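Residue numbers (our numbering), protein chains in the order written: chain A, 1 to 284; chain B, 1001 to 1284; chain C, 2001 to 2284; chain D, 3001 to 3284.
Just so you know, even glycine gets a beta-carbon here, dropped at the ideal spot from N, CA and C.
Predicted, not measured: the structure shown is a model, and the values here were computed from it.
Input: a single structure, listed below in structure tokens.
Number of protein chains: 4
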Amino acid sequence: MGKACFLIQTEDRKGILAEISGFFAGHSFNVLQSKQYSDMRENRYYMRVEVDLDNVALTHRALTGEFDEIAKRMNLKYSVHFSEDRARVALLVSRASHCLYDLLAHVREGDLDCEIPLIISNHPDLEHVADMFNIPFFCCPAEPGKNAAQEKVVLELLERHKIDLVVLARYMRILSENFIDHYPNRIINIHHAFLPAFQGGNPYLRAWQRGVKMIGATAHYATPELDEGPIIEQDVERITHEDSPDDLKQIGKDIERRVLTRAVRAHLEHRVIIAGRRTIVFAR
Amino acid sequence: MGKACFLIQTEDRKGILAEISGFFAGHSFNVLQSKQYSDMRENRYYMRVEVDLDNVALTHRALTGEFDEIAKRMNLKYSVHFSEDRARVALLVSRASHCLYDLLAHVREGDLDCEIPLIISNHPDLEHVADMFNIPFFCCPAEPGKNAAQEKVVLELLERHKIDLVVLARYMRILSENFIDHYPNRIINIHHAFLPAFQGGNPYLRAWQRGVKMIGATAHYATPELDEGPIIEQDVERITHEDSPDDLKQIGKDIERRVLTRAVRAHLEHRVIIAGRRTIVFAR
Amino acid sequence: MGKACFLIQTEDRKGILAEISGFFAGHSFNVLQSKQYSDMRENRYYMRVEVDLDNVALTHRALTGEFDEIAKRMNLKYSVHFSEDRARVALLVSRASHCLYDLLAHVREGDLDCEIPLIISNHPDLEHVADMFNIPFFCCPAEPGKNAAQEKVVLELLERHKIDLVVLARYMRILSENFIDHYPNRIINIHHAFLPAFQGGNPYLRAWQRGVKMIGATAHYATPELDEGPIIEQDVERITHEDSPDDLKQIGKDIERRVLTRAVRAHLEHRVIIAGRRTIVFAR
Amino acid sequence: MGKACFLIQTEDRKGILAEISGFFAGHSFNVLQSKQYSDMRENRYYMRVEVDLDNVALTHRALTGEFDEIAKRMNLKYSVHFSEDRARVALLVSRASHCLYDLLAHVREGDLDCEIPLIISNHPDLEHVADMFNIPFFCCPAEPGKNAAQEKVVLELLERHKIDLVVLARYMRILSENFIDHYPNRIINIHHAFLPAFQGGNPYLRAWQRGVKMIGATAHYATPELDEGPIIEQDVERITHEDSPDDLKQIGKDIERRVLTRAVRAHLEHRVIIAGRRTIVFAR
């Protein structure tokens, strides 16, 4: 029967932990992991509970139904995720293949638990990579002034394939607010800089010009404000004056791929709760 | 009235979290932070609970008494720490001053919450540092073949000053099992290598000879087996072929100071539980 | 015409830099990069010089011939590498695919400049990966007691394909001294621990048992002494008490892949000189 | 007689290395270390040469004179530094002591080679630290609207004490262009953020609000444009959602102290050349 994972948030107050953990104890659940966090500045309470469903008499529907009651009573905002339901992830790419290879290799190796029903690109270049991994590839080229039409095609593809999560693996298009509204908190982007430094284009060249001593990458949820969405994961690497802008690009590729893969993993493992502009990312 | 911090461990089983958090909810405590960890390999449960004592009617004694009952019933092994009781820490040094300066500066800046009633050394060299910080300094020289006698003097000093924690801040003596038994799990040592690599003497020279590309330092509780005690904190820094053994020593000093200070801080903040050869170090 | 790269070592003494750089200046070479290192402990001098061959009248043979003379006169030990000559690299694997995917993706992306004429394994499992990348795959199973025979087959394959560099990308066999002698300083291995800690088998389980707070991986040249060869690259990642041995394995895979890829890149870019048990790794 | 260190820059062209190293070889100097870097984007050549002065017949003046000639002929911009001449460093502070302690401890331990003739502050708070280390302390309070008068007092102190380098160790004043012009490329500031992110005030609070997953610090030369000067050193540390703005401040203090100390060390060891908005920082 696998596992169920609850992501919960509510107003912080006394006794929440006792009440919620009491619920699971009362049903004789084996709690595999429970993590909580009280944000005292914002007076919010966040919680992740993972329970074992083996040898549990309740159906998913019954479990959800019962938790719904306590959630209403306690005014909890929550989502529940069953390990049986594998997320369906669409990868959107342009011409750069490094993040794509890394994500697909991790899926193959069993280190990213999801389905990849399709890969979408605005360029035909990476079709061969999709072919290698036997994943349907859709090229949706973007013509000047026809942004809305192109997005419509992409959205239809996503919908038709029942996509749960959209990963922008170096997809070099700016998404419209309309597009983002279709997948709120379900679009992950990789920005090739240590945000909020070097928002916008050409970050490696600008990093070189500014003479920084470390470069980084940032994975974040996409929001209508470009490069301003809640950050899931960041990492950096030390550089020196000897590294040219091209070297930074190459070093950056290795940072980007690991940052994006980690962020997608955190999302797929239901370890992320969005809290305004911030994210709560529970450790594994 | 400050805060109380409970460090708890017991056999892992269903319902522990609900029962313990129920205790604190039942007494209307404001739980500031609660963290748990189930080690499924060893079937052990570890927990840290921090509660606010302001506006709480219970005395320390009454609180401890009540928790004692639940602890007996649930077979919990635990310790409780009140923020009022500042730990009394003895620093043992030899000739190297870098860790000593860093610890004392952090105490002065308010970033290590403890008293330093005395500094003990087997050499007179660092008396001037103790003087700068107005801390009594005791020189207990070690003569060949008179190890036991020297340790006896040190132990008497520690006892007379009611020491809670002994920090070996580059104290270049091997402690006897007898000495260590007086302060079980209450002696923190800094080893100038990334354990278990380079146990024993001269680690930087050996690291150079082996040609490693990173060097590190390790803070651990002292046990009778040299350099084998439970590790609290480690860190490393990248080096290159250009760094001589002397460079490694200098780079290493900066790693040692931050690793030891972090480990002492984790201990003083009651974030460490010893579990056999391993430590549970709860994040801040 | 591309570039030529000289890797030089000799006894350290006055005037070497002037004499060698004088040679290149005398022939009006454009020196793209020159790096030197004097190991004062061992009294050895190491140098890497990269020169532009565009608009240079000398043939490769003539250039080598002329440098040979100065090398004899100055008693230099050296090798020269022309950018035209792409290294031919054999990948040896067993069942784990993570390093294999990362190396092949980097080759495809143009970030590892080499040919991969074949992949060899003692297991059939990864043939599909070789197929994806259109690389011939040879399965050379190892039967108990027939180690020498299996190695003979592998060596013949390597010879037939004119292999310059052998990369053990999680090849779970211990190579004989005879095998290693066929490719001195030309076999790179990835060890899944931060050497010299946890030499030998099962390093992640042993790291968990020891309770270390960081785990790492080490890429090194293979020598007859297991896990004792000169280290090219190492890296680590922070772990916590919550990470199980399986988590360490998964975290470790990401360290292994980046460490091995970096080491192979350094070798292919002619940035590594072996100096006894140590390596000189010139920065890019 | 110690050592001499030359920092050189010029237009990049063929034969520079041969000519300059030929100069030192011609005078039979023992070159301890020589590092070069060609910035091909800007067509500039940068070099650091360290020579042994023991057993050398030339006086400092004669050496400088001779090098002056080759510098004129080759159009080199250079500075020369003799190890005999210890730099005189002024520390400017406000109320935070962490960088001050770290710098002074490193000087005491022999890991920063300089004199500290005085400490200047706009507040009286840290006089006791200066006293501990027996360093004259000058309090130059800043009254509203009397910025120029205060700076004049500070400048006179610096001049009277023949200061070579000014270190702003969390000096919470914005310096005027006039002040900076008195010490071009000789004022090092620590900014408590990973520049160019979070320029200006309150960076830790803003980092918390933005939800970044790493925080950092930046040491740079002060220029009239606030937080825009050439960066010498940066470092970061990973944080989590659990870290409050106050935690970030505390974590940040440890990053700031090590970043500033490393930057000052690089400057004092004559390893930094300023190249427009960038710095060339030669490795040790």
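So, is residue i buried or exposed, given that buried needs 16 or more other C-beta atoms within 10 angstroms?
| i | result |
| --- | --- |
| residue 2040/C | exposed |
| residue 2178/C | exposed |
| residue 1256/B | buried |
| residue 102/A | buried |
| residue 2050/C | buried |
| residue 2124/C | exposed |
| residue 3189/D | buried |
| residue 3265/D | buried |
| residue 2034/C | buried |
| residue 2149/C | exposed |
| residue 278/A | buried |
What span of residues does the alpha helix (DSSP H) with residue i cover, start to end?
| i | result |
| --- | --- |
| residue 134/A | Run containing residue 134/A: none; DSSP gives neither H nor E here. |
| residue 1082/B | Taken as a continuous stretch (DSSP letters only), residue 1082/B belongs to no alpha helix (DSSP H), being part of the beta strand (DSSP E) at 1077 to 1082. |
| residue 1239/B | Where residue 1239/B is concerned, there is no enclosing alpha helix (DSSP H), given that its DSSP letter is neither H nor E. |
| residue 2061/C | 2060 to 2074 |
Which residue from the options puts its Cα closest to that of residue i?
| i | options | result |
| --- | --- | --- |
| residue 2099/C | 2271/C, 2219/C and 2152/C | 2219/C |
| residue 2151/C | 2122/C, 2163/C, 2127/C and 2165/C | 2122/C |
| residue 1226/B | 1011/B, 1176/B and 1257/B | 1176/B |
| residue 2276/C | 2256/C, 2138/C, 2215/C and 2185/C | 2185/C |
| residue 210/A | 166/A, 248/A and 235/A | 248/A |
| residue 232/A | 238/A, 221/A, 240/A and 242/A | 221/A |
| residue 1032/B | 1104/B, 1260/B and 1004/B | 1004/B |
| residue 3027/D | 3253/D, 3054/D, 3010/D and 3246/D | 3054/D |
| residue 1284/B | 1174/B, 1261/B, 1085/B and 1269/B | 1269/B |
| residue 3235/D | 3261/D, 3160/D and 3244/D | 3261/D |
| residue 2193/C | 2163/C, 2253/C and 2155/C | 2253/C |
| residue 3169/D | 3012/D, 3120/D and 3002/D | 3120/D |
| residue 2078/C | 2018/C, 2064/C and 2217/C | 2064/C |
| residue 3237/D | 3198/D, 3105/D, 3136/D and 3213/D | 3213/D |
| residue 196/A | 138/A, 182/A, 118/A and 215/A | 215/A |
Determine the DSSP secondary structure at residue i, reduced to helix, strand or coil.
| i | result |
| --- | --- |
| residue 285/A | In the structure displayed, chain A extends from 1 to 284; residue 285/A sits before or after that span and is not available. |
| residue 2187/C | strand |
| residue 1111/B | coil |
| residue 3036/D | strand |
| residue 3126/D | coil |
| residue 118/A | strand |
| residue 3233/D | strand |
| residue 1087/B | strand |
| residue 1092/B | strand |
If you follow the beta strand (DSSP E) that residue i is part of, which residue opens it and which one closes it?
| i | result |
| --- | --- |
| residue 1007/B | 1003 to 1011 |
| residue 3014/D | Taken as a continuous stretch (DSSP letters only), residue 3014/D belongs to no beta strand (DSSP E), as it is neither H nor E. |
| residue 220/A | 214 to 221 |
| residue 52/A | 44 to 52 |
With a floor of 4 residues, list each alpha helix (DSSP H) that falls wholly inside the stretch 2139 to 2196 of chain C, ordered by position along the chain.
2147 to 2160 and 2177 to 2182
Just to confirm the assignment: which complete beta strand (DSSP E) runs, minimum length 3, are found wholly within the stretch 1254 to 1284 of chain B?
1272 to 1275 and 1278 to 1281
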